[in-house]
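Numbering (my numbering), first residue to last: 6 to 490.
Every residue, glycine too, gets a C-beta built ideally from N, C-alpha and C.
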Amino acid sequence: MKRLCVILICLSMFSTAMTFASDTGDLENLTLSTDAYWNGSNLEGSYSATDVFSTGGAFFNNFYAYDAKYMYASWGGFAYSNLTDTAAQGLDGQYTAIAAGGQNGSAIYAVGYCNTYAAGQPAISFDTAQEVSGAYFTNTNYAYYSMLNGDAFAKKFELGDWFKLTITGKAEDGSVTGSVEFLLADGTDIVNTWTYVDLSALKTVKTIEFTLTSSDSDVTWGMNTPAYFAMDTLDTTGDFENLTLAAEAHWNGSALEGSYTATDSFTSGVATYNNYYSYDKDWDYSSWSAFAYANYTDTTTSGLDGQYMVIPGSGAEESANYAVGYCNAFASLQPEITFDEPQVVSGAFFTNTNYTYYSMLNGDVFAKKFEAGDWFKLTITGKDASGIETGDVEFLLANGTDIVDTWTWVDLSGLGMVKKITFSLTSSDSDAIWGMNTPAYFAVDGVNDLQTNENGDNNQNDGGDGDNNTWPDGCFIGISGAAIK
Numbered sequence: 006m007k008r009l010c011v012i013l014i015c016l017s018m019f020s021t022a023m024t025f026a027s028d029t030g031d032l033e034n035l036t037l038s039t040d041a042y043w044n045g046s047n048l049e050g051s052y053s054a055t056d057v058f059s060t061g062g063a064f065f066n067n068f069y070a071y072d073a074k075y076m077y078a079s080w081g082g083f084a085y086s087n088l089t090d091t092a093a094q095g096l097d098g099q100y101t102a103i104a105a106g107g108q109n110g111s112a113i114y115a116v117g118y119c120n121t122y123a124a125g126q127p128a129i130s131f132d133t134a135q136e137v138s139g140a141y142f143t144n145t146n147y148a149y150y151s152m153l154n155g156d157a158f159a160k161k162f163e164l165g166d167w168f169k170l171t172i173t174g175k176a177e178d179g180s181v182t183g184s185v186e187f188l189l190a191d192g193t194d195i196v197n198t199w200t201y202v203d204l205s206a207l208k209t210v211k212t213i214e215f216t217l218t219s220s221d222s223d224v225t226w227g228m229n230t231p232a233y234f235a236m237d238t239l240d241t242t243g244d245f246e247n248l249t250l251a252a253e254a255h256w257n258g259s260a261l262e263g264s265y266t267a268t269d270s271f272t273s274g275v276a277t278y279n280n281y282y283s284y285d286k287d288w289d290y291s292s293w294s295a296f297a298y299a300n301y302t303d304t305t306t307s308g309l310d311g312q313y314m315v316i317p318g319s320g321a322e323e324s325a326n327y328a329v330g331y332c333n334a335f336a337s338l339q340p341e342i343t344f345d346e347p348q349v350v351s352g353a354f355f356t357n358t359n360y361t362y363y364s365m366l367n368g369d370v371f372a373k374k375f376e377a378g379d380w381f382k383l384t385i386t387g388k389d390a391s392g393i394e395t396g397d398v399e400f401l402l403a404n405g406t407d408i409v410d411t412w413t414w415v416d417l418s419g420l421g422m423v424k425k426i427t428f429s430l431t432s433s434d435s436d437a438i439w440g441m442n443t444p445a446y447f448a449v450d451g452v453n454d455l456q457t458n459e460n461g462d463n464n465q466n467d468g469g470d471g472d473n474n475t476w477p478d479g480c481f482i483g484i485s486g487a488a489i490k
């Protein structure tokens, strides 16, 4: 890549004017004029700078150096772009995704450049360690046409050639959690569409690093294939595995250190879960509401002792931790999830707690045993940044004697772009005096996880465009979910 670098340093990389908007969290908070990009430059005198742009709780690194006297410029790490010209070739196509825009027709996407002479390589870091479900990748024009036709430095790809992106996860202490490889080209099969790559094998990460390798390399110059890739729709999962608990335990906001009433919260990905707790030491009276989290495996305990336990005996997909929602009608707060930035939530897993399950299965001192015609319903409501409701999704935790006892995926993409999700419970077992008799609990896990259907495809529903996805234009899903758009 030294020869490529020689060309780069002889060119000034002037970008069309752009500014950072006041929002942070998705790439729509980054302002670009039409057909433009941002690569870290401001070209105001000589300088060498490390920069970053953020979306939700994800931070993309950038390195830029410029010498005004010699018109020397070089960048590395990540840039972002809205260029759509798929005909541009060579260095003019370095900021353009060959897919002609962002994933699912969105405007803005990220471009990674593994410049071995830059101060660092492309990397994404997070506010808190979290699990990443996956992301979409494609080639830039520059790399695509170089492999398709060859150029002054690189060969035309033939059978047996390859161009590989390696994605490595690192924990908070810097140790490697896992790696995933994706072929941007396999022989003459050169990627030219946005392709989803499952990153769940990276497990819980604080940082993701990117490297490129190619069969077209030599000892003197290194890799000849232009070292670029494009990325969009990074999705992280709110699976609560970032939360620390002792074995067979829960957290519900309590400290039990004297009398108090407090509101609290916990975070998974870039989603925050509210909590309310009240305790009177003199009367030994306590009450909680909204969300708690737990890791119990006991599926037999019933009654109030089972309020933090889930009937499947673990978190979704056999994970340890899960969240419990309690719609306490006498508390000042009801369960709600707030995201760092507005986004489309793909969905989440839901199930019953032990307390509610056995109450409906057998009846108890307050509630009836469920029969045909009975029901227990969770209503999930989306709200935008202004607090206006965007829609509702209803899920039956019980329908007659069919009582949910497994983690069940619920598609929430129909809520649209939301800043907040609220939860409420209703039941056929209610009366005018006491309200709902069924214990008002539910459990949730894997918020914004990407599920698969029986064919092994991602379960992002077809949004009417035949592309089997639900992401709207300009959405960065986070965190839980982080998605670059």
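Rounded to the nearest angstrom, the gap between the Cα atoms of Ala134 and Phe58 is 18 Å.
A direct Cα-to-Cα measurement between Gly155 and Leu189 gives close to 16 Å. Rounded to whole angstroms, the gap between the alpha carbons of Asp178 and Lys211 is 9 Å.
DSSP places Met76 outside both helix and strand once states are collapsed to three, so it counts as coil.
Straight across, the Cα-Cα distance linking Val185 with Thr238 is about 17 Å.
Under the three-state reduction of DSSP, Tyr201 is assigned to strand. Under the DSSP assignment, Met365 falls in the alpha helix (DSSP H) whose first and last residues are Asn359 to Asn367.
The three-state reading of DSSP puts Asn120 in coil, since its state is none of H, G, I, E or B. In the structure shown, Asp166 falls within a coil segment according to DSSP collapsed to helix, strand and coil. The DSSP assignment places 359 to 367 as complete runs of the alpha helix (DSSP H) inside the stretch 299 to 368, in order along the chain (cut-off: 4 residues). Going by DSSP, Asn279 is part of no alpha helix (DSSP H) but of the beta strand (DSSP E) stretching over Ala276 to Asp285. Counted as a single uninterrupted DSSP element, the beta strand (DSSP E) harbouring Tyr265 occupies residues Tyr265 to Ser273. Looking only at Gly174, Met314, Ala372 and Gly308, the smallest Cα-Cα distance to Thr302 is reached by Met314. Selection Lys161, Ser283, Asp244 and Glu399 evaluated against Val275 yields Asp244 as nearest (Cα-Cα). In this structure Val415 does not touch Ala321 by the C-beta definition: roughly 11 Å separates them, more than the 8 Å allowed. Rounded to the nearest angstrom, the gap between the Cα atoms of Tyr327 and Leu250 is 11 Å. Pairing Gln348 with Val329 gives a Cβ-Cβ distance that is not under 9 Å. In the three-state reduction of the DSSP assignment, Leu48 falls in the coil class, being assigned neither a helical nor a strand state. For Ala206, DSSP assigns no beta-bridge partner whatsoever. Less than 9 Å divides the Cβ of Phe64 from the Cβ of Phe131. Residue environment: Tyr150 is assigned as buried (16 or more neighbouring CB atoms within 10 Å of its CB, all protein chains considered). Around the CB of Glu136, 16 or more other CB atoms lie within 10 Å, so the residue is classed as buried. With distances taken between CA atoms, Ala297 lies nearest to Ile342 out of Ile213, Ile342 and Leu170.
Cβ-Cβ distances below 7 Å link Asn247 to Thr133, Ala134, Gln135, Thr209 and Ser273 in the same chain, with the five nearest sequence neighbours on each side left out; the list follows chain order. Closest in C-alpha terms to Gly451, from the list Lys175, Thr218, Thr60 and Ser319, comes Ser319. With respect to the 9 Å criterion, Asp434 and Phe375 are classified as neighbours on the basis of their beta carbons. Counted as a single uninterrupted DSSP element, the alpha helix (DSSP H) harbouring Tyr150 occupies residues Asn146 to Asn154. Beta-carbon to beta-carbon, Ser270 and Ala336 are separated by about 14 Å, too far to satisfy the 8 Å threshold. The C-beta distance from Tyr42 to Tyr100 rounds to 4 Å, short enough to meet the 8 Å contact threshold. For Ser418, the three-state secondary structure derived from DSSP is helix. Within the model, the alpha-carbon separation for Thr386 versus Thr268 is close to 22 Å. Comparing alpha-carbon positions, the option among Val350, Pro444, Ser364 and Thr411 lying closest to Gly421 turns out to be Val350.
Ranked by Cα distance from Leu309, the options Tyr446, Val423, Thr173 and Tyr114 are led by Tyr446. Exposure of Thr225 is indicated by the presence of fewer than 16 other C-beta atoms within 10 angstroms of its C-beta.
For Gly174, the secondary structure class from DSSP, reduced to helix, strand or coil, is strand.
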